[in-house]
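A.B. asks: My structure is below; once you've seen it, I'll send some questions.
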Amino acid sequence: MDHIIEILKQEGVEVYRITRSGTRAAELYFIKGQLDMPRLTDMTETRVEVFRDFEEEGKRFRGSTVIFIEPGSSQEEIREKIRSAYYAASFVKNPWYDLPEKTTAPFRESEADYREMSLTEAAEAVADVLLSVKGTETAFINSAEIFIRRSLVRILDSRGTDVSYGRDSVWGEFVTQCTEPSDVEQYRQFSYGDLDLASLKEKLESGIRDVSLRARAQAAPAAGRHSVILTGEEVRQLLDFYVTRSSSAFIYPGYSTWKLGDDIQGTMDGGERLDLTLTSARPYSEEGIPLKDRTLIRDGRLALIHGGARFASYLGIEPTGSYEKVVLKAGTMSYADMKKTGALEAVSFSDFQMDEMDGHFAGELRLALREEKDGSVTPLTGGSVNGSLLESQGRLIFSTETFRDSTYEGPLAVLIPDVAVAGN
Amino acid sequence: MEVQSSQYLTRLRPVLRELLDALKARYPYASILATDAAMKNYSVSRSGIRIQENTTFGKRGFTARVYSGGGYMEYSGDSLTGDQIPEILDRFEKSLSRMAERYDRVPTPAASEEKLCFAKSTSYKTDPRDLGDRAIVERLVSIREEGLKADESLLECSVRYNYQILHKIFLSADRDLEQNIMFGDGAVFSMARKGEAVKNGYDSISLLGGAELLDSLPACAERALEHVRASLAARPLTPGVYDCVCTPTVTGMIVHEAFGHGVEMDMFVKDRALARSCIGQQVASGLVTMKDGAATSYEDVATFFFDDEGNLATDTVIIDRGILVSGISDAVSAARLGTKPTGNGRRESVGHKVYTRMTNTFFTAGTSRPEDIIASVQDGLLLDCPTSGMEDPKNWGIQCMVSYGKEIRDGKLTGRVFGPIVLTGYVPDLLKSISMVSDTVEHCGSGACGKGWKEWVKVSDGGPYIRARIRLG
């Protein structure tokens with residue numbers, strides 16, 4: 116990075132940020148228990164943001180452009196890119212703002228519990244769990260992809276920030292298949308900061324259970340209005356509405372009108388008040404801002420506007436950096452009691468969508484379950500859920516049971532009354 | 013003008029050859045794909061102006077692939093010098109081979125390639141690099157200002173333009189291929205407030221070419237305004253089965269999401285696609301012919317000369333007058349299935365695995381005029397402004413979403429609008445219900461396509477106006 120800084124200075128660039136991220140990965144791809152392909156990757160990305168200050172009609176502006184210094188670039192290629200980026204920044208007429216305050220710290224090691232293992236060893240440990248879950252002759256794991264990544268990130272800027280950290284991640288996806296009485300499949304993703312093999316095994320086994328239920332599902336739910344239970348990743352997606360709308364990138368341009376202290380849940384109608392916290396497995400944001408746990412919503416009221424330096428500066432608030440994980444306080448109703456209400460439990464969607472702009476959520480049901488009064492469970496498939504969080508947010512009831520992955524920690528399920536369902 | 017070769021790849025070629033020769037000496041098959049790319053995004057909005065390079069769909073780097081022990085292994089890196097070759101060989105021989113030997117392999121015949129050698133480039137009218145950042149930003153700012161003037165109630169009229177220049181070299185024992193491609197896309201997002209909700213209208217354009225695309229962006233702003241006005245007027249729809257007329261963009265989403273993913277033949281290998289058992293059968297109305305290919309007549313952002321496994325781009329007929337006649341495939345899947353690859357092996361970027369991916373995918377034109385299709389509907393909806401879709405190759409379930417549908421009564425638009433709307437149902441039911449197909453076809457490649465929830469590649473899709481029966485919610 117030193118040679119880039121030297122060229123930046125030679126070209127008169129006084130304000131800059133450089134982020135270098137080197138990632139090595141081991142990847143394994145399986146089809147019906149057999150190896151499709153092993154892959155290794157070793158990629159580095161060097162991102163340089165070049166800033167340029169200028170004044171017009173007495174107003175201060177700070178333009179910026181982002182370039183990537185590709186591996187194998189000659190000194191002259193780098194110089195030309197920087198020169199061109201610095202020139203382009205003079206057309207980016209954005210109001211002036213300052214970079215985040217200087218942060219310096221020693222290299223922070225990854226905290227993953229498998230950081231001493233090689234990437235291939237970790238990939239093989241995940242594969243061993245995958246291959247150990249046999250299922251049955253008619254319900255099994257169809258295919259899976261495993262990605263073990265180890266990154267080293269360094270962020271430095273012209274204000275003196277110089278931080279670096281290591282990061283490990285385990286993630287992947289698998290498809291379960293059941294061939295009787297009908298031939299169907301279910302898709303699942305997994306994502307962990309540690310080598311959480313027990314959670315993975317449970318997820319694989321539940322994937323096989325769910326696909327067996329889908330194979331028995333004959334009909335779509337009856338069209339009309341239903342109470343709907345969302346679980347797992349869809350709960351997290353629902354909360355994206357609150358995370359996005361409270362970001363300075365949404366509030367500064369006026370897409371969101373939320374202000375600190377606003378009762379953003381509005382009139383309550385039997386639901387639970389939200390307590391939401393932002394947290395991160397990364398120690399620093401993309402701008403080098405230290406990331407600490409921050410309360411976003413307390414008792415349904417907005418407690419924080421979050422985001423990077425530029426929009427924070429425009430709004431006159433502290434820059435917090437951008438977060439990737441939310442924590443929601445556990446709810447009040449057990450998952451079992453939710454199901455006993457006769458609500459339609461949406462186990463999986465084709466693709467659940469949460470529109471943070473208009474509050475609309477929707478998805479086609481791959482598998483839904485309805486618990487009958489006699490305790491039996493009817494599996495359903497097809498049809499769709501189509502609701503508005505703006506209309507429903509005063510009626511949300513969350514489960515006492517919780518789950519967690521790399522982006523969410525909180526209630527396993529949410530009960531949403533009176534949602535439009537398309538079906539038979 | 014034709015896109016010129018990458019100077020970087022030209023410099024690197026001897027080192028790539030050296031690595032290939034070293035791999036060929038050790039393995040029965042070896043190939044190398046090397047890429048160089050330049051992609052720049054421009055946007056103007058209430059948030060400000062943004063100029064940013066982007067590496068999502070392409071970056072500098074290489075992937076080396078070898079055949080060993082009954083299957084393939086790959087190593088991807090971003091820098092390559094002669095000094096690094098021993099280390100790369102070591103990673104194949106130790107880490108990758110060790111992982112491969114630990115498991116049973118999916119039976120895979122080795123690739124057999126005919127000799128092929130060429131260098132080809134696409135053409136453009138205006139090189140965005142020559143036009144310059146200043147002129148591009150000024151055009152976008154002007155389009156945005158005009159867009160906002162058109163309706164003072166608009167909260168936003170953001171405008172973006174992206175271009176990408178992709179250079180690729182593919183080397184193997186029998187192939188030495190080079191391609192240089194430039195494409196671009198642009199879009200306008202208009203937004204307006206409706207209480208707490210913010211409704212938006214979106215319109216986009218794409219082309220195989222350069223900054224001449226900017227000339228078409230003002231028309232996008234006009235259409236985006238129409239879309240946001242419709243979304244503002246939309247009221248909830250009573251779920252049910254409706255007679256629908258789909259605009260070309262909605263047809264394109266149905267083509268791509270509902271059916272296209274189901275004929276990707278890596279899904280055949282996994283037993284994940286119902287289409288495998290339906291080759292030769294009627295899956296759609298006799299009015300429907302569907303094609304895919306990077307060498308189709310509808311040149312767009314997914315046009316290329318060879319795919320990421322060094323196979324020639326094709327023009328594949330998938331549905332011929334209602335009969336499913338072919339899938340599309342990458343080379344490894346084709347080898348496993350005993351078929352010919354169709355040039356659909358694509359990587360998100362050089363660091364990613366190859367999958368079977370669509371390219372330019374569309375229904376061909378029919379014979380009806382769009383206005384006659386609308387006039388034929390007694391009670392139904394004109395569906396417009398697609399927002400998202402998700403495939404279900406195994407069970408051919410549909411999930412597509414549109415912002416709104418305009419009510420049609422007695423062959424005329426009533427002015428009433430419903431939305432947002434989810435399209436569901438069984439794909440062949442929808443395709444067999446197609447009763448009219450327009451004589452005009454539109455296509456667009458402004459977005460990206462994922463394989464499931466990842467592996468994004470540029471694609472285009474489209475088709476004619478169609479009339480069909482669809483379950484809506």
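So the protein lines, in turn, are chains A and B.
The letter at position 88 of the first sequence is residue 203 when you use our numbering, and the numbering goes up by one with no holes.
The letter at position 28 of the second sequence is residue 40 when you use our numbering, and the numbering goes up by one with no holes.
For glycine and all other residues, C-beta sits at the position ideal for the given N, C-alpha and C.
These numbers were taken from a predicted model, which means no experiment stands behind them.
Which residue wins for smallest C-alpha separation from B:Asn-53, given the options A:Glu-126, A:Ala-200, A:Arg-135, A:Glu-142?
C.D. replies: The shortest Cα separation from B:Asn-53 among A:Glu-126, A:Ala-200, A:Arg-135, A:Glu-142 belongs to A:Ala-200.
A.B. asks: If A:Asp-309 and A:Tyr-229 are in contact, beta carbons under 8 Å, what's the gap, nearest whole angstrom?
C.D. replies: With 8 Å as the limit, A:Asp-309 and A:Tyr-229 qualify as a contact, their Cβ atoms being about 7 Å apart.
A.B. asks: Kindly give me the distance between the Cβ atoms of B:Ala-223 and B:Ile-331, rounded to whole angstroms, as I take these residues to be in contact under 8 Å.
C.D. replies: Contact doesn't hold; Cβ gap of about 36 Å is too wide.
A.B. asks: Just list the residues that DSSP pairs A:Pro-153 with in beta bridges.
C.D. replies: A:Leu-143, per the DSSP bridge assignment.
A.B. asks: Can you give me the C-alpha to C-alpha distance between B:Phe-74 and A:Ser-400, rounded to a whole angstrom?
C.D. replies: Going from the Cα of B:Phe-74 to the Cα of A:Ser-400 covers about 30 Å.
A.B. asks: I want to verify the contact list: residues of chain B whose CB lies under 7 Å from the CB of A:Tyr-438, in sequence order.
C.D. replies: Simply none; closest approach about 19 Å.
A.B. asks: Per DSSP, which residues does B:Glu-168 bridge with? Please list them.
C.D. replies: DSSP, once it has assigned bridges, lists B:Met-203 as partnering B:Glu-168.
A.B. asks: Since B:Leu-225 meets chain A, which of its residues come closer than 7 Å, beta carbon to beta carbon?
C.D. replies: By Cβ distance, chain A contributes nothing, its closest Cβ being about 19 Å from B:Leu-225, past 7 Å.
A.B. asks: What are the residues that DSSP puts in a beta bridge with B:Ile-335?
C.D. replies: In DSSP, B:Ile-335 forms a bridge with B:Gln-294, B:Asp-332.
A.B. asks: By the criterion of Cβ-Cβ separation under 9 Å, what are the contact partners of B:Ile-410 in chain A?
C.D. replies: Within 9 Å Cβ-Cβ: Ser-465, Glu-479.
A.B. asks: Just curious, the alpha helix (DSSP H) that A:Asp-452 is in, first and last residue?
C.D. replies: Its alpha helix (DSSP H) spans residues 450–455.
A.B. asks: For B:Ala-18, which residues of its own chain have a beta-carbon under 8 Å away from its beta-carbon, when the five flanking residues on both sides are left out?
C.D. replies: According to the sequence shown, residue 18 of chain B is Ser rather than Ala. Here the set comprises Asp-48, His-179, Asn-192.
A.B. asks: So, with DSSP's three-state summary, where would you put A:Ile-263?
C.D. replies: Strand, per DSSP.
A.B. asks: Under the assumption that B:Ala-246 contacts B:Tyr-416 (Cβ atoms under 8 Å), give the Cβ distance between them as a whole number of angstroms.
C.D. replies: Their Cβ separation, rounded to whole angstroms, is 5 Å, which keeps B:Ala-246 and B:Tyr-416 in contact under 8 Å.
A.B. asks: Would you say B:Asn-212 and B:Tyr-310 are within 8 Å of each other, going by their C-beta atoms?
C.D. replies: Contact flag unset, no.
A.B. asks: Measure the C-alpha to C-alpha separation of B:Cys-397 and A:Ser-342 and round it to an integer number of angstroms.
C.D. replies: Going by the C-alpha atoms only, they are around 29 Å apart.
A.B. asks: B:Val-389: buried (16+ other C-beta within 10 angstroms of its C-beta) or exposed?
C.D. replies: Answer is buried; the Cβ neighbour count reaches 16.
A.B. asks: Note down, in chain order, each residue of its chain lying with its Cβ closer than 6 Å to the Cβ of A:Lys-444, except the 5 sequence neighbours on either side.
C.D. replies: So the qualifying residues of the chain are Asp-390.
A.B. asks: Report the CB separation of A:Leu-381 from A:Gly-281 in whole angstroms; it is logged as a contact under 8 Å.
C.D. replies: It should be pointed out that residue 381 of chain A corresponds to Gly in this sequence rather than to Leu. At roughly 43 Å, the Cβ-Cβ gap does not stay under 8 Å, so A:Gly-381 and A:Gly-281 are not in contact.
A.B. asks: Which residues of chain A have a Cβ atom closer than 8 Å to the Cβ of B:Glu-360, listed in chain order?
C.D. replies: Per Cβ cutoff of 8 Å: no residues; B:Glu-360 is ~12 Å from chain A at best.
A.B. asks: Answer yes or no: do A:Thr-496 and A:Ala-335 have a C-beta to C-beta separation smaller than 8 Å?
C.D. replies: Taking 8 Å as the Cβ cut-off, A:Thr-496 and A:Ala-335 qualify as a contacting pair.
A.B. asks: 8 Å is my cut-off, CB to CB: does A:Val-207 come that close to chain B?
C.D. replies: Interface residue, yes.
A.B. asks: Residues of chain B with CB closer than 8 Å to the CB of A:Pro-368, please, in chain order.
C.D. replies: By Cβ distance, chain B contributes Ser-57, Arg-58, Ser-59, Glu-168.
A.B. asks: Return the residues of the stretch 288–308 of chain A that lie within a Cβ-Cβ distance of less than 8 Å from chain B, sorted by chain order.
C.D. replies: Within the stretch 288–308 of chain A, the residues whose Cβ lies closer than 8 Å to some Cβ of chain B are Glu-288, Val-290, Gln-292, Asp-298, Val-299, Glu-300, Tyr-302, Gln-304, listed in chain order.
A.B. asks: Note down, in chain order, each residue of its chain lying with its Cβ closer than 8 Å to the Cβ of A:Thr-447, except the 5 sequence neighbours on either side.
C.D. replies: Around A:Thr-447: Glu-387, Ile-512, Phe-513, Thr-515.
A.B. asks: In chain E, which residues lie less than 7 Å from B:Arg-483 when you measure between Cβ atoms?
C.D. replies: Of the protein chains in this structure, namely A and B, none is chain E.
A.B. asks: Name, please, each residue of chain A whose Cβ falls closer than 7 Å to the Cβ of B:Ile-63.
C.D. replies: Neighbours of B:Ile-63 on chain A, chain order: Thr-180, Ala-203, Val-207.
A.B. asks: Is there a Cβ from chain A that is less than 8 Å from the Cβ of B:Glu-208?
C.D. replies: Yes, because at least one Cβ of chain A sits closer than 8 Å to the Cβ of B:Glu-208.
A.B. asks: When the Cα atoms are used, what is the spatial distance from B:Leu-435 to B:Ala-185?
C.D. replies: If you take the alpha carbons of B:Leu-435 and B:Ala-185, they lie about 48 Å apart.
A.B. asks: Applying the 10 Å Cβ sphere with the 16-neighbour rule, what's the burial state of A:Met-158?
C.D. replies: With 16 or more other Cβ atoms within 10 Å, it is buried.
A.B. asks: Considering just the uninterrupted stretch of the beta strand (DSSP E) at A:Leu-484, what are its terminal residues?
C.D. replies: Taken as a continuous stretch (DSSP letters only), the beta strand (DSSP E) holding A:Leu-484 covers 475–486.
A.B. asks: Compare the beta carbon distance of A:Gly-478 and A:Asp-489 with 8 Å and say whether it is the shorter of the two.
C.D. replies: No, they are not a contact pair.
A.B. asks: So is A:Phe-222 buried or exposed if we call it buried at 16+ other beta carbons inside 10 Å?
C.D. replies: Classification of A:Phe-222: exposed, given that the 10 Å Cβ count is below 16.
A.B. asks: Of the residues B:Asp-327, B:Asn-323, B:Ala-343, B:Val-337, which one's Cα is nearest the Cα of B:Phe-130?
C.D. replies: The shortest C-alpha separation from B:Phe-130 is found at B:Asn-323.
A.B. asks: Less than 8 Å between the CB atoms is what I'm expecting for B:His-268 and B:Met-370, so what's the real figure, rounded?
C.D. replies: Indeed they touch by this definition, with Cβ atoms about 6 Å apart.
A.B. asks: Candidates A:Ala-338, A:Ile-366, A:Leu-480: which alpha carbon is nearest A:Asp-533's?
C.D. replies: That would be A:Ala-338, whose Cα lies nearest to the Cα of A:Asp-533.
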